[in-house]
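In what follows, a structure is listed as structure tokens, so that the remarks can point back to it.
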Amino acid sequence: MLPEGWKARSRDEKCALRFSAWKEGSGIPFVSEEARRAYQERVQRFWDAMELRRPDRVPISLVVGFYPAKYAGITAYDAMYDYDKLGMAWRKFNEEFPADSLTSCLLITSGRVAEILDLRFYRWPGHGVPEDVSYQYVEREYMREDEYDWFLEDPTDYLMRAWMPRVVGALEGFGHLLPVTPWLEWPFVGPYLVRLGLPQVQRTLHALLEAAQATLEWVQKAAAVDQENSGRLGLPSVWGGFSKAPFDALADTLRGTRGIMLDIYRRPDRLLQALDRMVPLMVRMGVESAGFGTGPFVFIPLHKGADGFLSREAFLRFYWPSLKAVLLGLIEEGLVPWLFVEGSYNERIDLLADPDLPRGRTFWHFDQTDMKRVKQVLGGRAAFGGNVPASLLHLGTPEDVRQYVRDLLEAVAQDGGFVLLNGAVLEDAKAENVRAMVEAGLEYGRYR
Amino acid sequence: MAVTTRTLADAIAQLREKEAVQAARELLEGGASPTEIFEACRQGVEVIGRQYEKGLCFLPELLLAGEILTQISRMVRERYPTETEARPGGPKVILGTVQGDIHDIGKNMVAFLLEANGFQVVDLGVDVPPEAFVEAIRREQARVVGMSCLLTVGHQSMKRTVQALAGAGVREQVRVMIGGAATNEQVRAYVGADAWGQNAADAVRLAREWMGGGES
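Chains as they are written, first to last, in the working numbering: chain B, 13 to 460; chain G, 6 to 221.
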């Protein structure tokens with residue numbers, strides 16, 4: 013529930029209200045006053061960093077995939093199917109790697125639910141990828157080139173009745189439904205209701221019910237693990253919601269890389285219209301997934317605008333304007349976009365320092381971008397973090413990791429506005445290296 | 006003005022899709038041989054390849070050039086159904102995304118650019134087990150292998166693949182390069198590959214250095 017008078021408030025007031033509510037942590041079952049205090053100190057640390065101040069020390073956060081499963085000696089399959097094992101592994105990880113943020117087990121998702129829904133656009137452990145490997149997206153041209161008109165006219169109708177039946181097998185029935193508009197007049201609804209009776213639609217409805225039940229069984233256990241970890245260890249969950257850059261939303265699971273890259277040449281105007289059409293959808297996704305009272309950061313992974321994908325010109329024409337519009341829309345609601353800049357942005361890092369973005373209202377998480385350049389470009393404008401390399405955590409020694417963290421903090425963290433993070437999502441690593449990263453962060457990250 | 010093979014090569018080099026396809030059609034109608042058409046295509050794509058290496062072209066350009074070639078090949082085959090796909094006769098490179106990883110955008114860019122530079126690419130696809138690399142090396146008598154991965158799961162798979170090459174006695178006959186977002190020099194050393202490339206242009210440079218083949 014949003015606080016009263018929300019709409020009349022400025023974006024800065026909204027942002028402050030969100031941080032205060034997050035810091036309060038109401039609903040979190042703190043086991044002690046000490047746990048509550050630790051939680052609030054951690055929230056304050058992120059808040060300070062985000063607003064470009066120097067907290068007591070550099071906040072430390074780990075962006076984690078299936079690594080806790082490996083660490084606890086279970087497979088990725090176990091984590092997706094056996095929720096007790098999932099809870100055990102994520103409890104152990106949160107306890108033994110005391111960063112400043114909760115490592116949630118919700119992103120692992122449920123294998124059972126994926127199975128009931130007959131997910132076609134992902135492979136998951138035991139279903140197309142080995143049992144010890146993370147789920148992975150299967151890229152295809154799921155939205156056809158001749159479907160732009162339908163998408164532009166009514167994106168949600170298109171997604172529900174054309175796209176979803178293709179990517180989720182059990183939702184085939186959606187393809188047999190009519191648009192919802194007959195509901196505007198009850199006597200017109202007949203044909204809509206008749207469609208519900210089709211065997212394909214009934215199968216979909218049954219599958220949805222089954223998936224809903226399986227989701228409840230999963231989320232009750234998984235969310236309880238997160239709640240318990242937060243309350244026992246005083247760990248705030250940083251990401252309240254999620255969204256995507258409009259270009260990536262179209263490029264990843266709709267048109268596919270090949271499709272969208274050709275659209276740049278073959279139908280640039282349609283593409284630009286679709287990107288614009290996507291903006292309010294992506295803002296709404298961020299706002300509604302975040303709700304109120306959770307972390308104010310909205311996680312946005314950036315994919316196909318990175319070095320090597322697009323030229324600067326194409327980035328400025330097709331990638332940036334719609335992304336910027338989403339960022340401004342989220343900021344207007346008092347949210348803080350957490351942009352996970354995957355790959356590298358060395359060739360276009362300067363473009364991120366857009367003067368239209370308000371100071372201290374975005375957070376940039378880098379993977380392989382040169383952090384000294386980042387500091388030059390974003391320093392004093394936006395908080396940023398990164399970028400302990402996945403390869404170093406997997407193949408290096410603890411001493412290598414300590415040295416890396418020390419050098420990184422010396423080079424870019426001294427003025428505040430910085431969060432220590434691993435670069436790519438943590439899947440494979442040596443435990444002693446992850447520990448070394450956290451310990452080095454604690455040791456060298458103190459501000460005097 | 007009559008269309009020449011030069012018109013076709015230029016249209017591809019400048020990514021004027023409709024013009025390129027139209028030029029190929031007119032050339033075919035005027036009696037041009039598949040070999041002449043494919044040679045013009047090769048020249049056009051080579052320009053795109055060079056621009057990519059200089060950082061002037063990116064993924065949309067590579068994909069569009071590939072798309073133009075596909076259309077022209079289809080047209081040639083319709084007119085000369087017995088004509089087999091004109092494969093470049095250059096040195097062979099075996100490519101694959103290693104076991105456990107199904108990502109292929111980077112690998113496909115490498116394949117395209119190697120072919121644009123006159124290499125023959127044997128693309129094993131994604132999630133390729135070590136044995137499949139060994140078998141392909143034996144079957145194709147190739148001297149260069151390229152392995153790709155986006156995820157860190159690829160580190161182990163790459164290492165296992167290099168070990169499998171050694172176990173099968175073919176490690177000495179090939180040079181191995183690796184690439185992909187999860188790789189760097191440290192990963193190269195770990196998996197025992199001969200070189201790491203940051204991008205598709207590096208792959209071409211390495212293949213040239215190792216085999217002296219392709220167009221320089």
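Ideal Cβ positions, reconstructed from N, Cα and C, are used throughout, including at glycine. The structure displayed is predicted, hence computed values, not measured ones.
Whole angstroms is fine: what's the gap from residue 305 of chain B's alpha carbon to residue 84 of chain B's? Residue 305 of chain B and residue 84 of chain B: Cα-Cα distance of roughly 31 Å.
Taking all protein chains shown into account, decide if residue 17 of chain B is buried (16 or more other Cβ within 10 angstroms of its Cβ) or exposed. By the neighbour-count definition (other C-beta atoms within 10 Å, threshold 16), residue 17 of chain B is an exposed residue.
Could you pull out every residue in the same chain whose Cβ sits closer than 7 Å to the Cβ of residue 48 of chain G, ignoring the five residues on either side in sequence? Excluding positions up to five away in sequence, the list reads 14.
Coarse secondary structure for residue 152 of chain B, derived from DSSP in three states: Looking at residue 152 of chain B - three-state DSSP - the assignment turns out to be coil, as it is neither helix nor strand.
CB contact below 8 Å: residue 439 of chain B versus chain G: Cβ-Cβ to chain G under 8 Å: yes for residue 439 of chain B.
If contact is defined by three or more beta carbon pairs under 8 Å, each pair taking one atom from either stretch, is the segment 33-49 of chain B in contact with the segment 258-270 of chain B? Contact between the segment 258-270 of chain B and the segment 33-49 of chain B is absent: fewer than three C-beta pairs spanning the two stretches fall below 8 Å.
For residue 171 of chain G and residue 141 of chain G, the rounded distance between their alpha carbons: So the alpha carbons of these two residues sit roughly 14 Å apart.
Short-range partners of chain G found in the segment 125-151 of chain B, where Cβ spacing is below 9 Å: Listed by position, the residues of the segment 125-151 of chain B near chain G (Cβ gap below 9 Å) are 135, 140, 141, 142, 144, 145, 146, 148, 149, 150, 151.
Reduced DSSP category for residue 104 of chain B - H, G, I as helix; E, B as strand; rest coil: Residue state, collapsed to three classes: helix.
Could you have a look at residue 166 of chain B and say whether DSSP puts it in helix, strand or coil? Note: residue 166 of chain B maps to coil in three-state DSSP.
Check residue 121 of chain B in the structure and name its three-state DSSP category. It is coil, neither helix nor strand.
Beta-carbon separation (whole angstroms), residue 192 of chain G vs residue 403 of chain B, contact threshold 8 Å: Your pair residue 192 of chain G and residue 403 of chain B checks out as a contact, with CB atoms roughly 5 Å apart and the cut at 8 Å.
N-terminal and C-terminal residue of the beta strand (DSSP E) that residue 216 of chain B is part of: Run containing residue 216 of chain B: none in the beta strand (DSSP E); it sits in the alpha helix (DSSP H), 211-245.
Where residue 125 of chain B falls, given that 16 or more other Cβ within 10 Å makes a residue buried: Around the beta carbon of residue 125 of chain B, a 10 Å sphere encloses 16 or more other beta carbons of the protein chains shown; the residue is thus reported as buried.
Taking only beta-carbon positions, decide if residue 276 of chain B is within less than 8 Å of chain G. So yes, residue 276 of chain B belongs to the interface.
Taking residue 145 of chain B and residue 434 of chain B to be in contact with their CB atoms under 8 Å, please state how far apart those CB atoms are, rounded to whole angstroms. Not a contact, Cβ separation roughly 19 Å.
Classify residue 373 of chain B: buried if its beta carbon has 16 or more other beta carbons within 10 angstroms, exposed otherwise. Only buried fits residue 373 of chain B, as 16 or more other CB atoms lie within 10 angstroms of its CB.
Of all the residues that make up the segment 37-66 of chain G, which are near chain B by a beta-carbon distance shorter than 9 Å? Residues passing the 9 Å Cβ filter: 60, 61, 62, 63, 64, 65, 66.
Could you tell me whether the Cβ atoms of residue 1 of chain B and residue 391 of chain B are closer together than 8 Å? Nothing can be reported for residue 1 of chain B, as the shown portion of chain B is limited to 13 through 460.
Would you identify the three-state DSSP class for residue 200 of chain G, choosing helix, strand or coil? In the structure shown, residue 200 of chain G sits in a strand (DSSP, three-state: E or B).
Secondary structure of residue 82 of chain B, DSSP reduced to three states: Residue state for residue 82 of chain B is assigned as helix, using DSSP reduced to three classes.
Cut-off 6 Å between Cβ atoms - residues of its own chain near residue 147 of chain G, not counting five sequence neighbours on either side: Once the five neighbours on either side are set aside, the close Cβ partners of residue 147 of chain G are 97, 99.
May I ask you to list the residues that DSSP assigns as paired with residue 134 of chain B? Beta-bridge annotation (DSSP): residue 134 of chain B is paired with B/149.
Just the Cα atoms here: how many angstroms apart are residue 41 of chain G and residue 130 of chain G? Taking the straight line joining both Cα atoms gives about 30 Å.
Quick check: the Cα distance between residue 181 of chain B and residue 193 of chain B, rounded to an integer number of angstroms? In this structure, the straight-line span from the alpha carbon of residue 181 of chain B to that of residue 193 of chain B is close to 25 Å.
With 16 as the cutoff for other CB atoms within 10 Å, does residue 176 of chain G come out buried or exposed? Residue 176 of chain G should be labelled buried.
Using 8 Å as the limit for Cβ to Cβ distance, is residue 16 of chain G near chain B? No, residue 16 of chain G lies away from the interface with chain B (no Cβ there is under 8 Å from its Cβ).
Contact criterion: CB-CB distance below 8 Å. Does residue 406 of chain B meet it with respect to chain G? True, the Cβ-Cβ gap to chain G drops below 8 Å.
Helix, strand or coil, according to DSSP, for residue 125 of chain G in the structure here? Three-state DSSP puts residue 125 of chain G in a strand.
Give the C-beta separation of residue 185 of chain B and residue 216 of chain B to the nearest angstrom, bearing in mind that I take them to be a contact with Cβ-Cβ under 8 Å. Residue 216 of chain B and residue 185 of chain B do touch by the CB rule: their CB atoms are close to 3 Å apart, below 8 Å.
Measure the C-alpha to C-alpha separation of residue 82 of chain G and residue 431 of chain B and round it to an integer number of angstroms. So the two alpha carbons sit approximately 58 Å from each other.
Rounded to the nearest angstrom, what separates residue 71 of chain G and residue 132 of chain G at their Cα positions? Each residue's alpha carbon lies about 23 Å from the other.
Ordered list of beta strand (DSSP E) runs contained in the segment 375-401 of chain B, each at least 3 residues: Entirely contained in the segment 375-401 of chain B, the beta strand (DSSP E) runs reaching 3 residues are, in chain order, 375-378, 395-400.
Give the C-beta separation of residue 338 of chain B and residue 295 of chain B to the nearest angstrom, bearing in mind that I take them to be a contact with Cβ-Cβ under 8 Å. Rounded to whole angstroms, the Cβ separation of residue 338 of chain B and residue 295 of chain B is 6 Å, and the two are in contact under 8 Å.
is_contact[residue 221 of chain G, chain B] using C-beta, thresh 8 Å: Only weak support exists for where residue 221 of chain G lies, its pLDDT of 42 falling under 50; the value from the coordinates is given anyway. With 8 Å as the cut-off, residue 221 of chain G does not count as an interface residue toward chain B.
Using a beta-carbon distance below 8 Å, is residue 270 of chain B in contact with chain G? Taking CB atoms only, residue 270 of chain B has a neighbour in chain G less than 8 Å away.
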